[in-house]
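A.B. asks: My numbering applies: residue 17 is where the sequence shown begins, and numbers increase by one.
Think of the CB as a built atom: it goes at the ideal place given N, C-alpha and C, for glycine as much as any other residue.
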Amino acid sequence: MEKEKIYFIYMPSPMLGRSPMQGVNGAGFFGNLFGIYSEDKYISSLNSELEKRKVNWTIQRDDTESDIEKIIEKKIRLLICAPGLKYQFYKGGFNKENIIYLSMMEYANNITDPVITKIWRLENEK
Numbered sequence: 017m018e019k020e021k022i023y024f025i026y027m028p029s030p031m032l033g034r035s036p037m038q039g040v041n042g043a044g045f046f047g048n049l050f051g052i053y054s055e056d057k058y059i060s061s062l063n064s065e066l067e068k069r070k071v072n073w074t075i076q077r078d079d080t081e082s083d084i085e086k087i088i089e090k091k092i093r094l095l096i097c098a099p100g101l102k103y104q105f106y107k108g109g110f111n112k113e114n115i116i117y118l119s120m121m122e123y124a125n126n127i128t129d130p131v132i133t134k135i136w137r138l139e140n141e142k
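Quick look at the structure:
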């Protein structure tokens, strides 16, 4: 059985005015300069929690440059957005109920409770 997919969105959607110089990780100059908390730490922490709880879910770092059409094509079930992306991420036709916007405290302290709670709710819908 294939695992359900979670994507971690860490940069804004492609839009007019977004700098094409996003850098290697998409954070841009200020994101790299002030990027004390990397998405890799959060992803690793959540992945450990998913394995510990033995749920049929997996998390991946977004590889679509936040392109919602590509995300929908890949049949991603749940999106986690890094702090600051609530108004910079184009949701398109994606189910808004399946998008989690992390607070800075949740992100900085690798608090995975909101994601685990949402996963349990989605599992109980089946």
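Which one or two residues does DSSP pair with residue 75 in a beta bridge?
C.D. replies: Residue 75 is bridged to 22.
A.B. asks: How would you call residue 50, buried or exposed, if buried means at least 16 neighbouring beta carbons within 10 angstroms?
C.D. replies: Low local confidence applies: a pLDDT of 46 at residue 50 is under 50, so the model's placement there is unreliable, with the coordinate-based value given in what follows. Label assigned to residue 50: exposed.
A.B. asks: Between the alpha carbons of residue 42 and residue 125, how many angstroms are there, rounded?
C.D. replies: Per-residue confidence for residue 42 stands at a pLDDT of 49, beneath the threshold of 50, marking its modelled position as unreliable; no derived number is given.
A.B. asks: Output the distance between the C-alpha atoms of residue 131 and residue 123, rounded to the nearest integer angstrom.
C.D. replies: 11 Å
A.B. asks: Run through the DSSP bridge pairs and tell me what residue 94 is partnered with.
C.D. replies: DSSP, once it has assigned bridges, lists 22 as partnering residue 94.
A.B. asks: What residue does the alpha helix (DSSP H) around residue 135 start on, and which one ends it?
C.D. replies: For residue 135, the enclosing alpha helix (DSSP H) stretches over residues 129-141.
A.B. asks: Among 29, 28, 137, 26, whose alpha-carbon lies nearest the alpha-carbon of residue 93?
C.D. replies: 137
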